[in-house]
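*Asks:* The structure that follows is given in the form of structure tokens.
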Amino acid sequence: MNESHKQLELEVKAESKREYQLQLISFAMMILLTFVAFGAVYAELMPVWAAGGFLIILAVIQVFLQLYIFMHMNNRGNTWIVGMMWLGIFVAIITVAALRLLIW
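Residue numbers (the numbering used here): -15 to 88.
Next up, the structure:
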């Protein structure tokens, strides 16, 4: 019993270490993406429409990292929460599209 407890403890520590490394790598990636976004706007190397699209792509990548890494949406048992988030995104897109049609 004692040996299996030690083995389980080692597995938990290894998993915790992997999770910590993933958090640090993701944080560094988000800082890098932020610097890239600021640099792209500051350098004015691309037209405004291209910069806008580029920034939206970077924002989508950061949202993905935030949700699936920092908010632990990649863990099992979050299907209800993930489903509700996708439903909220869907409703928001429809609402924005409808309001744009009404205004224009």
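Where a beta carbon is used, it is the ideal one built from N, C-alpha and C, also for glycine.
1. Output the distance between the C-alpha atoms of G67 and M57, rounded to the nearest integer angstrom.
2. Report the rounded CA-to-CA distance for W88 versus A81, giving the unit in angstroms.
3. Between V32, W33, A34 and F38, which has its C-alpha nearest T18's C-alpha?
4. Looking only at its own chain, which residues have a Cβ that is under 8 Å from the Cβ of T79, when we skip the five neighbours before and after it?
5. Just curious, the alpha helix (DSSP H) that H(-11) is in, first and last residue?
*Replies:* This is what the structure gives:
1. By 1-based counting over the sequence shown, the position of residue 67 is 83. By 1-based counting over the sequence shown, the position of residue 57 is 73. Cα to Cα, the separation comes out at about 11 Å.
2. As a first step, residue 88 is located in the sequence shown; it is residue number 104 there, counting from the start. As a first step, residue 81 is located in the sequence shown; it is residue number 97 there, counting from the start. Going from the Cα of W88 to the Cα of A81 covers about 11 Å.
3. Along the sequence shown, one-based indexing puts residue 18 at 34. The shortest Cα separation from T18 among V32, W33, A34 and F38 belongs to F38.
4. Locating residue 79 in the sequence shown gives position 95, counting from the first residue. No residues qualify anywhere along the chain.
5. In the sequence shown, the residue the question calls residue -11 occupies position 5. Unbroken alpha helix (DSSP H) run through H(-11): N(-14) to A27.
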